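**Student:**
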Amino acid sequence: MNRRQFLNTSVLTTAAFCSGIGLSACTSDASEENADERDGAATSLPAVGLQLYTIRSVMETDFRGAMEQVAKIGYDEVEFAGYYDRTPDEIGALLDELGLAAPATHVPLQRIRKAPETVIQRAQAIGHQYVVCPYLSESERTSLDDYRQRAKEFSAFGERCTEAGLQFAYHNHDFEFTEMDGTLPYDVLLSETDPEHVKMELDLYWIVEAGYDPLTYIEKNPARYPLCHVKDRGPDGGMVSVGAGTIDFASIFRKAQFEHYFVEHDNPENPMQSIETSHRTLSQLQI
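Residue 168 in numbering that gives the first Met the number 0 is what sits at position 169 of the sequence shown, and the numbering runs on without skipping anything.
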């Protein structure tokens with residue numbers, strides 16, 4: 000059994016087990032295990048991942064070469080943001096060859112609406128665990144009612160993902176933390192989606208850029224956040240490679256229950272150099 004197949008099998012086994020004994024029991028056991036681990040000596044991250052959007056300019060011209068370099072740097076996992084016209088079989092074969100897991104993928108909401116079953120089937124074929132909506136266009140978020148509608152959509156598609164052995168999640172930017180009528184849209188997405196079917200991928204740069212403490216949300220419901228984007232913020236507010244900024248990732252990670260940590264930088268000057276710097280920082284981080 001290769002690494003990608005093992006990941007997919009593990010996800011399905013866990014889902015079946017949780018359905019048998021109750022989701023809350025699985026969440027409780029995992030929470031206690033994480034707490035026990037973090038009560039002891041400092042430890043490193045279980046795996047370091049990369050959101051491939053960071054190196055999209057390289058992926059577009061040399062898909063295989065870019066993936067080979069990601070593996071050579073030492074990344075354990077990747078999160079896709081498009082497949083660059085490769086088939087699931089081609090993607091899966093390359094992941095197996097390079098020893099990379101791909102637990103998550105970003106899929107635009109428009110594509111989810113147009114072909115939800117295709118999105119699910121492709122995710123299953125590649126071995127993803129999470130299907131993540133990465134962004135809401137401006138026309139989709141003009142009011143709190145818009146966000147309530149998005150919450151309904153997320154819950155409906157999330158249920159389909161759950162039934163297929165997958166998990167749906169939403170990735171934030173900063174606009175969800177701009178009040179509308181005295182309410183944060185992000186709070187609407189949290190409160191009006193089904194927590195069993197909709198998880199959150201917390202982008203640590205964007206929530207900090209919006210002026211909010213990630214721990215405020217994590218501590219309220221840590222199990223809601225299985226994924227994060229590890230993106231650093233410089234003193235001037237710009238994005239920088241991990242370790243070159245001011246975000247205290249270790250303090251956040253100690254309190255969180257993240258399963259996957261994906262390095263990301265939206266517009267690095269030198270993408271490959273940036274991901275190497277970020278990997279070095281995270282691989283040495285103790286939590």
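Idealized CB from N, CA, C, for every residue including glycine.
Predicted model, so just to flag it, every value in this text is computed and none were measured.
Should the stretch 228-237 be called in touch with the stretch 210-220, which here means at least 3 C-beta pairs below 8 Å?
**Tutor:** no
**Student:** Which runs of the alpha helix (DSSP H) at least 4 residues long sit entirely within the stretch 125-165? Give them in chain order.
**Tutor:** 143-162
**Student:** What separation, rounded to the nearest whole angstrom, lies between the Cα atoms of L165 and T104?
**Tutor:** 11 Å
**Student:** Out of H170, Q256, T177 and D193, state which residue places its alpha-carbon closest to the alpha-carbon of K230.
**Tutor:** H170
**Student:** Give the list of continuous alpha helix (DSSP H) stretches no shorter than 4 residues that lie fully inside the stretch 61-128.
**Tutor:** The stretch 61-128 contains these whole alpha helix (DSSP H) runs: 62-72, 87-97, 108-113 and 115-125.
**Student:** As a quick exercise: from H259, F257, E263 and Y204, pick the residue whose alpha carbon is nearest that of D247.
**Tutor:** Y204
**Student:** Here's a check: name, in chain order, each residue in its chain whose Cβ is nearer than 7 Å to the Cβ of E96, leaving out the five neighbours to either side.
**Tutor:** Nothing listed; no residue qualifies.
**Student:** Assign F261 to one of three DSSP states: helix, strand, or coil.
**Tutor:** strand
**Student:** What does a CB cutoff of less than 6 Å around N266 pick up in its chain, not counting 5 residues either side in sequence?
**Tutor:** none
**Student:** Taking only the alpha-carbon atoms, compute the straight-line gap between T53 and L281 and give it to the nearest angstrom.
**Tutor:** In a straight line, the C-alpha of T53 is about 16 Å away from that of L281.
**Student:** Is it true that the CB of A209 sits closer than 9 Å to the CB of E263?
**Tutor:** no
**Student:** Given this structure, state the Cα-to-Cα distance separating E31 from Q256, to the nearest angstrom.
**Tutor:** Interpretation of E31 is limited by its pLDDT of 47, a score under 50 that renders its predicted location unreliable; the figure taken from the coordinates is listed afterwards. Going by the C-alpha atoms only, they are around 10 Å apart.
**Student:** Give every residue of the same chain whose Cβ lies closer than 8 Å to the Cβ of A70, excluding the five residues on either side of it in the sequence, and list them in chain order.
**Tutor:** L97, G98 and L99
**Student:** Could you tell me if T117 is buried or exposed, where buried requires 16 or more neighbouring beta carbons within 10 angstroms of its beta carbon?
**Tutor:** exposed
**Student:** Verify whether the separation of the beta carbon atoms of M199 and L189 is less than 9 Å.
**Tutor:** yes
**Student:** Is the Cβ-Cβ distance between V57 and Y74 less than 9 Å?
**Tutor:** no
**Student:** How many angstroms separate the CA atom of H172 from the CA atom of A150?
**Tutor:** 16 Å
**Student:** Find out if the Cβ-Cβ distance for the pair D221, K254 is shorter than 9 Å.
**Tutor:** As written in the sequence, residue 221 is Pro, which differs from the Asp given in the question. For P221 and K254, yes; Cβs fall inside 9 Å.
**Student:** Under three-state DSSP, which class holds D186?
**Tutor:** helix
**Student:** Identify whether E31 lies in helix, strand or coil by the three-state DSSP scheme.
**Tutor:** Caution applies to E31, whose pLDDT of 47 falls short of 50 and renders its modelled position unreliable; the model cannot decide the point.
**Student:** Quickly, what does DSSP pair Q50 with across the bridge? List them, please.
**Tutor:** E78
**Student:** Among S154, L44, A65 and Q68, which has the Cα closest to the Cα of R112?
**Tutor:** S154
**Student:** Work out the CA separation of T177 and D144 for me, nearest whole Å.
**Tutor:** Approximately 15 Å between the Cα atoms of the pair.
**Student:** How is Y224 classed by DSSP in three states: helix, strand or coil?
**Tutor:** Coil.
**Student:** Out of F156, L108 and R85, which has the shortest C-alpha to C-alpha gap to S136?
**Tutor:** It is L108 whose Cα lies nearest to the Cα of S136.
**Student:** Excluding the 5 residues flanking E36 on each side, which residues of the same chain have their C-beta closer than 8 Å to its C-beta?
**Tutor:** Only weak support exists for where E36 lies, its pLDDT of 47 falling under 50; the value from the coordinates is given anyway. Excluding residues within five positions, the ones whose Cβ falls inside 8 Å are T42.
**Student:** Can you check which of these residues, S273, G91 and A249, is closest to L44 by C-alpha distance?
**Tutor:** A249
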